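Residue numbers (the numbering used here), protein chains in the order written: chain A, 1 to 190; chain B, 1001 to 1184.
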């Protein structure tokens, strides 16, 4: 991973202590620090702004209700990110948008070719192509490449095997590359 | 060569491409709803919304219904305030806001909503979003914050009245649509 997750924000201990003490102003600061990272993660996983809005609110409600359970052994942002990921995946699961069964893993699919065409640097094109991926595939891609989760961790989050995560990643990368090539060609011919 | 001169000529790794995507901001802040949730949680005593009080509120709104749309929002001494006990006015407003949202959520039944009540709901949500957007400004002074929370509570009271009335009329075998037509 070349860049840290957008969640990787160090929160002062004093601010956390005030928030845990029930001070609304401190909690508001936490909300403002993490509003965009939570919303962005939710948007990438669910693929819809309204859904991401729901996930943002549910995540923050849960954060407030469970802040007392946070132990400072690990970074706060990682703990909050875990809540956000769980909420987003729960949202997809409730709507039947995560596959119930594992697909057979094709060894050939476990490709390590993860390069995308130059068009991937266009945020609009990339977002549109991402939007055309199945929810589970898009989620695995984002969790692995943007958030730095391992296949084992993704498998645990999604209730699947690491092989499922690997095959979704390989298949998703290939599909994304194809979609971006199509987008580029469409643009060139337009 | 790509149309956009800023695009690189080379291929990118997926991680690089994802890293170039901007952070997205929500269309509306979730803070007002969260603040209301916090205020409601902070109250040591969380009195349950008494059924008799709810019924009284619905009946009162039903009696005033023909003019409800033309009227300004109800004043602070509406029934919901009775259930909110707090010495801090802002805390009380936030707590009442959370209770009203809870009531509206429980009273709403989208499957039963007609086109006209759906339009009303959308209009209400739009107004609420405008207030929430204003409330999300971190530089708000205390007076403006309190005024906006008051506005939020008034809007919610108004909408709670509509939802309650709709349910009450449905129980009588009538709909809100006739009343809306009469009002206009």
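Even for Gly, the Cβ is constructed at its ideal location relative to N, Cα and C. In this text, all values refer to a predicted model and were calculated from it rather than measured experimentally.
Taking 8 Å as the CB threshold, residue 1038 of chain B lines the interface with chain A. In the three-state reduction of the DSSP assignment, residue 1021 of chain B falls in the coil class.
At least one beta carbon of chain B lies nearer than 8 Å to the beta carbon of residue 121 of chain A.
Residue 115 of chain A is bridged by DSSP to B:1013. DSSP places residue 149 of chain A outside both helix and strand once states are collapsed to three, so it counts as coil. Contact between residue 1011 of chain B and residue 118 of chain A holds, with the beta-carbon distance rounding to 6 Å and staying under 8 Å. Per the coordinates, the alpha-carbon of residue 1019 of chain B lies some 11 Å from the alpha-carbon of residue 122 of chain A.
Residue 131 of chain A is outside the set of residues whose beta carbon lies under 8 Å from a beta carbon in chain B.
When rounded, the separation of the alpha-carbon atoms in residue 68 of chain A and residue 18 of chain A is 11 Å.
In the structure shown, residue 1038 of chain B falls within a helical segment according to DSSP collapsed to helix, strand and coil. Contact between the stretch 7 to 17 of chain A and the stretch 43 to 51 of chain A is not established, with fewer than three Cβ pairs separated by less than 8 Å.
Contact check for residue 1017 of chain B against residue 136 of chain A fails: the beta carbons are separated by 8 Å or more. At a Cβ-Cβ threshold of 8 Å, residue 5 of chain A and residue 146 of chain A count as neighbours.
Secondary structure of residue 23 of chain A (DSSP, three-state): coil. Three or more beta-carbon pairs separated by less than 8 Å are not found between the stretch 1036 to 1043 of chain B and the stretch 70 to 83 of chain A, which leaves the two stretches without contact.
Annotated as proximal: residue 92 of chain A and residue 46 of chain A, with beta-carbon spacing under 8 Å. Pairing residue 1101 of chain B with residue 1030 of chain B gives a Cβ-Cβ distance that is not under 8 Å. For residue 87 of chain A, the three-state secondary structure derived from DSSP is helix. Annotation: the continuous alpha helix (DSSP H) that includes residue 139 of chain A extends over 135 to 141.
Contact with chain A is absent for residue 1126 of chain B, since none of that chain's Cβ atoms lies less than 8 Å from the residue's Cβ.
By the rule that beta-carbons nearer than 8 Å mark a contact, residue 168 of chain A does not touch chain B.
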